[in-house]
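Peer 1:
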Amino acid sequence: MPKMRKWTAIVLAATLVGALLAGCAQKEQKEQQQEKAASNAPIVMTFYSEDPSPNWAGMEDEVGRVITEKTGIKLKAEFAVGDAQQKSALIASSGTFPDLISAKGSINKMVDAGGMRDLTDLIEEHGPNIKKLFGKEMKRLRYSLDDPSIYVIPTYSAVDNVPFKAEGGFELQHRVVKELGYPTIRTVKDFENAIKAYLEKHPTDENGNPNIGLSLIADDWRMYISVTNPAFYTTGGPDDGETNIDIDTQKVTYHYRRPAEKEYFRWLNHMNAEGLLDKESFVQKSDQYKAKIASGRVLGLIDQQWGYDDGEKAIKKEGKFEHGYGHYPVTLTEETKDTSYWPTGFMAGYGVGISVDNPDPVAAIKFLDFLCSEEGQVLVNWGVEGKHYVVEDGKRIIPEDVINRKVNDAAKFQQESGIGTYINMGGRYGHGVKDSTGNYYTTEFPEQIIAEYNEVEKETLAAYGVSTWIELFPKPEEFPVRPWGAAWNIPVPSDSEVSILQEKLKNITWKRIPQIILAAPSEFDKLWDEYMAELEKAGVERMEQGFEKFVKDRVKLWND
Amino acid sequence: MNAVTAKQRNNLKQGRSSQFWRGVMRNKYLYLMSLPFVIWTFVFHYLPLWGWTMAFQRYRPNRPFWEQEWVGLDHFMTLFSDDMFYLVLRNTLAMSFMGLIAGFTIPILFAIMVNEIRGMVFKRFAQTVSYLPHFVSWVVVAGIISKMLSTDNGAVNELLMWLGIIKEPVQFMAKGEWFWGIVTAADVWKETGWNAIIYLAAISGIGPELYEAAKVDGASRLRQIWHITLPGIRTTIIILLIMSIGHLISIGFEKQFLLGNNLVSDYSQVLDLYALNYGISMGRFSFGTAINMFNSIVSLFLLFTANGIFKRLTKESIM
Amino acid sequence: MRASSADRIFDTVVYSIVILVTVVTLYPFLNVLALSLNDSTDSVRGGISIFPRQLTWQNYEIIFSYPSLLTGFKISVLRTLVGTLLGLASASMLAYTLSRPDFQGRRFVSIFLAMTMYVSGGMVPIYILIRDLGMMNSFAVYVLPGLVSAFNVFVIRSFIDGLPYALQESAKLDGANDFTIFWQVILPLSKPALATIALFLAVGQWNSWFDTYLYNGSNETLTTLQFELMKVLQSTDSGNGDYRSTNMTQVSPESVKMAITIVVTVPILVVYPFLQRYFVKGMTLGAVKT
Chain Z
13 MPKMRKWTAI VLAATLVGAL LAGCAQKEQK EQQQEKAASN APIVMTFYSE DPSPNWAGME
73 DEVGRVITEK TGIKLKAEFA VGDAQQKSAL IASSGTFPDL ISAKGSINKM VDAGGMRDLT
133 DLIEEHGPNI KKLFGKEMKR LRYSLDDPSI YVIPTYSAVD NVPFKAEGGF ELQHRVVKEL
193 GYPTIRTVKD FENAIKAYLE KHPTDENGNP NIGLSLIADD WRMYISVTNP AFYTTGGPDD
253 GETNIDIDTQ KVTYHYRRPA EKEYFRWLNH MNAEGLLDKE SFVQKSDQYK AKIASGRVLG
313 LIDQQWGYDD GEKAIKKEGK FEHGYGHYPV TLTEETKDTS YWPTGFMAGY GVGISVDNPD
373 PVAAIKFLDF LCSEEGQVLV NWGVEGKHYV VEDGKRIIPE DVINRKVNDA AKFQQESGIG
433 TYINMGGRYG HGVKDSTGNY YTTEFPEQII AEYNEVEKET LAAYGVSTWI ELFPKPEEFP
493 VRPWGAAWNI PVPSDSEVSI LQEKLKNITW KRIPQIILAA PSEFDKLWDE YMAELEKAGV
553 ERMEQGFEKF VKDRVKLWND
Chain D
-19 MNAVTAKQRN NLKQGRSSQF WRGVMRNKYL YLMSLPFVIW TFVFHYLPLW GWTMAFQRYR
41 PNRPFWEQEW VGLDHFMTLF SDDMFYLVLR NTLAMSFMGL IAGFTIPILF AIMVNEIRGM
101 VFKRFAQTVS YLPHFVSWVV VAGIISKMLS TDNGAVNELL MWLGIIKEPV QFMAKGEWFW
161 GIVTAADVWK ETGWNAIIYL AAISGIGPEL YEAAKVDGAS RLRQIWHITL PGIRTTIIIL
221 LIMSIGHLIS IGFEKQFLLG NNLVSDYSQV LDLYALNYGI SMGRFSFGTA INMFNSIVSL
281 FLLFTANGIF KRLTKESIM
Chain X
2 MRASSADRIF DTVVYSIVIL VTVVTLYPFL NVLALSLNDS TDSVRGGISI FPRQLTWQNY
62 EIIFSYPSLL TGFKISVLRT LVGTLLGLAS ASMLAYTLSR PDFQGRRFVS IFLAMTMYVS
122 GGMVPIYILI RDLGMMNSFA VYVLPGLVSA FNVFVIRSFI DGLPYALQES AKLDGANDFT
182 IFWQVILPLS KPALATIALF LAVGQWNSWF DTYLYNGSNE TLTTLQFELM KVLQSTDSGN
242 GDYRSTNMTQ VSPESVKMAI TIVVTVPILV VYPFLQRYFV KGMTLGAVKT
């Protein structure tokens, strides 16, 4: 009994002390804040973002300090952990808003709740750099036809972006194309033949494990990337989310209903029937997929670089560069062009806005303006002169040791320097845009990219007569401009029938497409017709018509 | 004990209002020990229930309560006329039912077995290790299971082929009919150790003199378990059973989501996932709240039914 | 003591099953440990079971390089202590009052509590309530809203019900009031139940991060360990398919995720034996009662 009393007393005492300390710490913090406000210290503004940023260092990093010095603002930021949509929904419904908000898809919740300030006048009076950056695209910053206010400075889409790095298309291992003498890989048939030929000669790897022709990944939303999006990329349709929109009439079609795409899935079905498709494609999880790639046994992929990069890095680390992948602009037939780089034009929508609770909107807009300025852009991308880059003969160069740290000590480097942390906090210029000194704004440009290729990659590229993968792909200039930008960016009100139908159709498609691909070829037509009928019964035409209205509204908003 | 309480109950039954107040004063400490917490519960659990009104409105976050648009039972009608709803309901109930049976019998058996281990070191070690999977996230566990059941050198297939039971690897993860079993088995693996803790605690409360007496009477270990251990933890088992029956309809969705894939989606989608996809993720607060209400009402129904049945059959109950 | 053959068979069966279970449940944890000590690029290749292939401490170094981890640790420890104590106090007091058959409010309170397990107003009303009570940006939000747990109450009550009522009666005859009976008679005898609930409460407090995210998201002094680790765990796996506007190259390596699991679990394993001895007992320990 006394023993228990003693222990109880100790624990209770410790807890009380602890609770007191926690309370004291809070009080101290409040006092510090009040002190800061009194002196000439920077204004502290709260910032809420739907993106994660694990290397955020309280704006104490090198870039952050310079920004605070120049703008007088220090950010107390909060980033997403897990699914941010729930928290955004709560903030919207609570009616109390952080000072600056970067709410990607949830912006409509914030606007609906009346939390966002209209920035039009602020930009007019205090945002010269913002005006310069967005210039001709200012129309696209407007929210909607009913409400042409400007609520966000777009920070995700980059102005005048020129893609330099090929991330998509179809992928083939270098050793496959090498052994076959670097044949043209232009159509799905070429792709198939290359895989087939190589598999016949090399059915297993050196350990006796079977080589796999093509492996797909269908784990949750990766289904879009590896299985369904390629259906339109290969048949002349641009990425307009789950729809295909006629460029002249804006008629909307759920893209799987296009006859050309039926043939694409027929090809996948054929690949499966020939034993060239990985049987685990629809069952495997991401880490199994990457492990397979890391084992070097997968000859072909249909994916984006970031989807299999971990696996490729692992096999490259073992020195097996010939097991790495090249990107090829494969289409269904010779008549169509790969549409991976069909431009969207500038995509406003996601970005940073100033809330109605912000104590000093003028300072806030000036802050955002600074980030859009030339000085701000170079700072945010390259870092601090002398520390993170040097200027030699007017050219900006990143020293070896800095590059080394960026690659091998990435987390710590970002925490200390802040490079990469502020990119989505302000508007930005894209790759390929040069500043007034003739240097690129960003650190991604052709010379840099080529410097990162290994020998085998360079060999393959040379055999195809190009120096970077993207040169194999049709260029953005070859495609007509879509007046609506891209359909996946058009906001649909949450309780509209269109969203509900889209979700229903997705469920049907995600169930049917794998089934169709894995079926016997003789069953293909019957199953496809059943799939089409199921879509119609679920209301696909209502979705198409409903969405068409939103597309037309967007065309008006961005072009009038 | 029964005699005592019967007498006290008699006293109460003769109560008039003065009796009542005298009773309150007699039990003043009891009231002091419980009233604050009851108020607490009211504030944090019952007050927020005003949110249920959202299910009958077309909720818009910016407008105050009295400016919301009322749509009556529309959301419920939408819910009940959706074929998908019945599918996910079926899946949910099937898996919870299987989970209930497995999640009860196995931890109890395991707790009893651990209790029978004599060596203290091994006993404590085994018990500690057994709950470790509880702390490993479902993401990792689902990955392990996926690998084990795969046709590409998966352990299970290799074993079955080696034993000659099958000739070719079976793609377990692609078979919808197997899904419910796989999920249940995965849950058993992950949670048995942790779930057994309560039963172990209950068993340790049984007086050793009962076992001594039984041993003297020559009872075998098995008999001791049947006649002493099990009855000794009867109350705990029934209480937990009643509470679990109430939870039958809201089992979350994480493990089904992570273990499932598009080939088995007809078997793997559950109600909570449906609520997420068609509710919060789409910003449809009202619809999400309607599903939440549906869940709660069904749960309460199950709770009261289970409680009533057990009260009648076993005299044990929660309420 | 004759060990009959039935008993020997029994023992063999029990021991074999328990050993099997031990091995099978140890595996995932050892696997996670091995991956956490393995080079992250090499981990992608798969095929690691319980031994690392390329030993490295790098994953742990990355985790510990985040300075806010220490604050998170302190706050997590604090909230675990405070939350567990408060939760135990509330659950045991309620359990005791509900175990008394002469307590008039017994039926009402039981039902009142039981329903809370299945009924919730949803996140929005709770968020607004917390804000209106001034608990945003506070330590209190970690321990106060969840103070009363019906589950805990009922579990402890089922234990108390198993204690002979005669004990309480004799204490009453000695002139003890209800609180004294609770404190001096009931509590000491309920150690297994209290230890179990303490364990559940402690683990619950230790592992929470969502409340930190919702209510203390930008408050560096009140951050918790799990929350800090979740921030590091930025994983595109949990995305909602917003791949067009997310920087997809910033995924934290598998091995770091495994290291996070270990970092969170080890403290629990360290503290656990102190609670375990209350409910995993030998068969020959002295009588629990009187």
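Protein chains in written order, with this note's numbering: chain Z, 13 to 572; chain D, -19 to 299; chain X, 2 to 291.
Positions of the beta carbon are idealized from the N, C-alpha and C atoms, including for glycine.
Starting from arginine 408 (chain Z), trace the beta strand (DSSP E) both ways and give me its first and last residue.
Peer 2: Where arginine 408 (chain Z) is concerned, the enclosing beta strand (DSSP E) stretches over 407 to 409.
Peer 1: If you follow the beta strand (DSSP E) that threonine 586 (chain Z) is part of, which residue opens it and which one closes it?
Peer 2: Since the first residue of chain Z shown is 13 and the last is 572, residue 586 (chain Z) is not available in this structure.
Peer 1: Compare the Cα-Cα distances from leucine 220 (chain D) to each of D:Gln249, D:Ile178, D:Glu192 and report the closest residue.
Peer 2: D:Ile178
Peer 1: Check the Cβ of threonine 197 (chain X) against every Cβ in chain Z and list those closer than 9 Å, keeping chain order.
Peer 2: Chain-order list of chain Z residues neighbouring threonine 197 (chain X): empty, with the shortest C-beta distance near 17 Å, by a criterion of under 9 Å.
Peer 1: Within the same chain, show all residues whose beta-carbon is closer than 7 Å to that of threonine 33 (chain D), passing over the 5 residues directly before and after it, in chain order.
Peer 2: none
Peer 1: I need the boundaries of the beta strand (DSSP E) containing tyrosine 60 (chain Z), first residue and last residue.
Peer 2: Run containing tyrosine 60 (chain Z): 55 to 61, per the beta strand (DSSP E) assignment.
Peer 1: Can the beta-carbon of threonine 246 (chain Z) be found less than 8 Å from the beta-carbon of aspartate 350 (chain Z)?
Peer 2: yes
Peer 1: For methionine 57 (chain Z), count neighbouring C-beta atoms within 10 Å of its own C-beta (all shown protein chains included) and say buried if the count is 16 or more, exposed if not.
Peer 2: That one is buried.
Peer 1: Taking the alpha-carbon positions, what's the methionine 75 (chain D) to serine 248 (chain D) distance?
Peer 2: 9 Å
Peer 1: Of the residues Z:Val468, Z:Glu467, Z:Lys538, Z:Val445, which one's Cα is nearest the Cα of phenylalanine 457 (chain Z)?
Peer 2: The shortest C-alpha separation from phenylalanine 457 (chain Z) is found at Z:Val445.
Peer 1: Mapping DSSP to helix, strand and coil, what is glutamate 183 (chain Z)?
Peer 2: strand
Peer 1: I want to verify the contact list: residues of chain D whose CB lies under 8 Å from the CB of arginine 108 (chain X), in sequence order.
Peer 2: Met299
Peer 1: Residue range of the beta strand (DSSP E) that threonine 255 (chain Z) falls in?
Peer 2: 255 to 257
Peer 1: With which residues is lysine 88 (chain Z) paired in a DSSP beta bridge?
Peer 2: Z:Thr58
Peer 1: Apart from the five residues just before and just after lysine 291 (chain D), which ones in its own chain have a Cβ nearer than 7 Å to its Cβ?
Peer 2: Ser297
Peer 1: Mind listing the chain D neighbours of asparagine 178 (chain X)? Cutoff is C-beta to C-beta under 7 Å, in chain order.
Peer 2: Chain D residues near asparagine 178 (chain X): Tyr9.
Peer 1: First and last residue of the alpha helix (DSSP H) that includes glutamate 137 (chain Z)?
Peer 2: Run containing glutamate 137 (chain Z): 132 to 138, per the alpha helix (DSSP H) assignment.
Peer 1: What does a CB cutoff of less than 6 Å around aspartate 290 (chain Z) pick up in its chain, not counting 5 residues either side in sequence?
Peer 2: Ile224, Ser227
Peer 1: Using beta-carbon positions only, say whether phenylalanine 17 (chain D) and serine 91 (chain X) come within less than 8 Å of one another.
Peer 2: yes
Peer 1: Where in the stretch 11 to 58 of chain X do unbroken runs of the alpha helix (DSSP H), each at least 4 residues long, occur, reported from the N-terminal end onward?
Peer 2: 41 to 44
Peer 1: If you reduce the DSSP assignment to three classes, tell me which class methionine 128 (chain Z) lands in.
Peer 2: If DSSP states are grouped into helix, strand and coil, methionine 128 (chain Z) belongs with the strands.
Peer 1: Can you tell me whether DSSP reads histidine 443 (chain Z) as helix, strand or coil?
Peer 2: coil
Peer 1: So glycine 558 (chain Z) is in the alpha helix (DSSP H); what residue range does that whole segment cover?
Peer 2: For glycine 558 (chain Z), the enclosing alpha helix (DSSP H) starts and ends at 552 to 571.
Peer 1: Taking only three categories from DSSP, how would you classify isoleucine 233 (chain Z)?
Peer 2: According to the sequence as given, residue 233 (chain Z) is tryptophan; it is not isoleucine. Coil at tryptophan 233 (chain Z), not helix or strand.
Peer 1: Is the stretch 133 to 142 of chain D close to the stretch 106 to 113 of chain D, with three or more CB pairs under 8 Å?
Peer 2: With contact defined as three or more Cβ pairs closer than 8 Å, the stretch 133 to 142 of chain D and the stretch 106 to 113 of chain D are not in contact.
Peer 1: For the stretch 367 to 416 of chain Z, list the alpha helix (DSSP H) runs that are entirely contained and at least 4 residues long, ordered along the chain.
Peer 2: 373 to 384, 386 to 394
Peer 1: What residue range is occupied by the uninterrupted beta strand (DSSP E) comprising tyrosine 337 (chain Z)?
Peer 2: 337 to 340
Peer 1: Taking a Cβ distance cut-off of 8 Å, strictly less, list which residues of the stretch 121 to 144 of chain Z are near chain X, in chain order.
Peer 2: Listed in sequence order: no entries.
Peer 1: Going along the chain, which unbroken runs of the alpha helix (DSSP H) with 4 or more residues stay wholly within the stretch 30 to 113 of chain D?
Peer 2: Those alpha helix (DSSP H) runs which fall completely within the stretch 30 to 113 of chain D and span 4+ residues are 54 to 60, 63 to 96, 100 to 110.
Peer 1: Could you tell me the distance, in whole angstroms, from the CA atom of aspartate 232 (chain Z) to the CA atom of asparagine 241 (chain D)?
Peer 2: 7 Å
Peer 1: Report the three-state DSSP secondary structure of glycine 361 (chain Z) (helix, strand or coil).
Peer 2: coil
Peer 1: Distance, Cα to Cα, asparagine 287 (chain D) vs methionine 299 (chain D)?
Peer 2: Approximately 7 Å, taken between the alpha carbons.
Peer 1: Is the number of C-beta pairs between the stretch 468 to 485 of chain Z and the stretch 89 to 101 of chain Z that are closer than 8 Å three or more?
Peer 2: Of all C-beta pairs linking the stretch 468 to 485 of chain Z to the stretch 89 to 101 of chain Z, fewer than three are shorter than 8 Å, placing the two stretches out of contact.
Peer 1: With distance defined between alpha-carbon atoms, name the residue in Z:Ile482, Z:Val310, Z:Asn173, Z:Gln300 nearest to tyrosine 210 (chain Z).
Peer 2: Z:Val310
Peer 1: Answer yes or no: do asparagine 436 (chain Z) and serine 114 (chain Z) have a C-beta to C-beta separation smaller than 8 Å?
Peer 2: Contact: yes.
Peer 1: Could you tell me whether the stretch 234 to 244 of chain Z touches the stretch 266 to 285 of chain Z, using the rule of 3 or more Cβ pairs below 8 Å?
Peer 2: Yes: the two stretches touch, three or more of their Cβ pairs being nearer than 8 Å.
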